[in-house]
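Quick notes on the structure that follows.
Written out as C-alpha cells, the structure reads:
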C-alpha cells in the first residue's frame, strides 16, 4: 500500500514514533484512518467527524496549512480526536487536491512529547504532497476499475436477457447478474403493463419497499415512473431509508 509506504518513510526519516494518514469523505464530513504505522498505531477504519477535531487541528484544515497541534495546552474536553489517540504534540498536514480537502497526515508520539525541528516540519510538508498524489492516483485507478466493471456488467446483462425468452425470467436473470457481477447493493426491474409498472424482480430492497412500490402508476412521482416517462436514465442522489425502505443510506 502506497500510504503505508509513506508512513514507513516518515518514521525512518524523523525521530517521531507514529504516522497516521486519514481520508476525508465530504458527504459525511468524516475523516477515516487509512494507514497508521509506528507506536500505538491508530486502527484503520477509525473515523471522526471534522467537528470532533481539536480547535487547533480544525483551524489548520480551514486555513489549508500544515502546523503544530499542542494537545498539552488544551483542556481535556478540547482535545477531540487527540484524546482518543493520546497525542500530546502533533504536526498535522491537511491534504488538498485542486482546492478539495481529501485527507490529513498526522505525525506524533503517543503519550510522549517530542518537539519537531524545522527540517522535520519541511520534510513532513513534502511528504504530505506525496501522500496527496498517492491518494488521488489510487482514487483515479479505482474509478477506472469501477467503470470497467460496470461496462462488463452491462454487456453481461444484455447476454443474460437474450438467453431468456420469458420476460419475467429475463428480469430475474438481469437482477441476479447485476448483483453478482455489477457490484451493486440494489437492483430492480419494473415492467410496463397497461398504465401501470410492476416490479417483476428485485434484490436488496426491504419487504416494506417491495410491498409499497411493487405496483406504480405511470403518473406517479416515484423515480421509476419518472424514468419510464422520460425515457432517459436518472441519477437519484441521497436515497434515504425512511423514504425508500432501503436497508442503509445510499448516495447516487
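Numbering (the working numbering), first residue to last: 83 to 334. Even glycine gets a Cβ: it sits at the ideal position worked out from N, Cα and C. These numbers were taken from a predicted model, which means no experiment stands behind them.
message: Quick check: what's the CA-CA separation for residue 167 versus residue 133?
response: Position 85 of the chain shown holds residue 167. Position 51 of the chain shown holds residue 133. Residue 167 and residue 133: Cα-Cα distance of roughly 16 angstroms.
query: So, using beta-carbon positions, are residue 206 and residue 104 closer together than 9 angstroms?
result: As a working note, residue 206 is residue 124 in the chain shown. As a working note, residue 104 is residue 22 in the chain shown. The answer is no: Cβ separation not under 9 angstroms.
- prompt: Identify the residues that DSSP records as bridge partners of residue 309: which are they?
  reply: By one-based count along the chain shown, residue 309 stands at place 227. DSSP output for residue 309 lists no bridge partner at all.
query: How about residue 189 and residue 102: do their beta carbons lie closer than 9 angstroms?
result: Walking along the chain shown from the start, residue 189 turns up at place 107. Walking along the chain shown from the start, residue 102 turns up at place 20. For residue 189 and residue 102, yes; Cβs fall inside 9 angstroms.
CB contact flag (residue 222, residue 191, <9 angstroms): Residue numbering aside, residue 222 sits at position 140 when the chain shown is read from its first letter. Residue numbering aside, residue 191 sits at position 109 when the chain shown is read from its first letter. It is not a contact, given that the beta carbons lie outside the stated cut-off.
query: Taking the C-alpha atoms as reference points, what is the distance between residue 88 and residue 215?
result: Reading the chain shown from its first residue, position 6 is the one you call residue 88. Reading the chain shown from its first residue, position 133 is the one you call residue 215. Cα-Cα distance, rounded: 11 angstroms.
Candidates 298, 290, 294, 308: closest to residue 279 by CA position: Numbered from 1 along the chain shown, position 197 holds the residue referred to as residue 279. For residue 279, the nearest C-alpha among the options comes from 298.
task: With a 10 Å radius around its C-beta and 16 neighbouring C-beta atoms as the bar for buried, classify residue 208 as buried or exposed.
output: Locating residue 208 in the chain shown gives position 126, where the first residue counts as 1. Exposed: under 16 other Cβ atoms inside 10 Å.
Span of the beta strand (DSSP E), counted from its first residue to its last, around residue 119: Along the chain shown, read from residue 1 onward, the residue named residue 119 stands at position 37. That run of the beta strand (DSSP E) goes 112 to 120.
task: Would you tell me roughly how many angstroms separate the C-alpha atoms of residue 277 and residue 317, rounded to the nearest one?
output: Taking the first residue of the chain shown as position 1, residue 277 is located at position 195. Taking the first residue of the chain shown as position 1, residue 317 is located at position 235. Residue 277 and residue 317: Cα-Cα distance of roughly 24 angstroms.
message: Which residue wins for smallest C-alpha separation from residue 95, given the options 204, 233, 307, 238?
response: Against the chain shown, residue 95 aligns to sequence position 13. Residue 204 is the option with its Cα nearest to residue 95.
task: Mark residue 217 as exposed unless 16 or more other C-beta atoms lie within 10 angstroms of its C-beta, in which case mark it buried.
output: Counting from 1 along the chain shown, the entry for residue 217 is found at position 135. Answer is buried; the Cβ neighbour count reaches 16.
query: Taking the alpha-carbon positions, what's the residue 83 to residue 119 distance?
result: The residue you call residue 83 lines up with position 1 of the chain shown. The residue you call residue 119 lines up with position 37 of the chain shown. Their backbone Cα atoms lie some 12 angstroms apart in a straight line.
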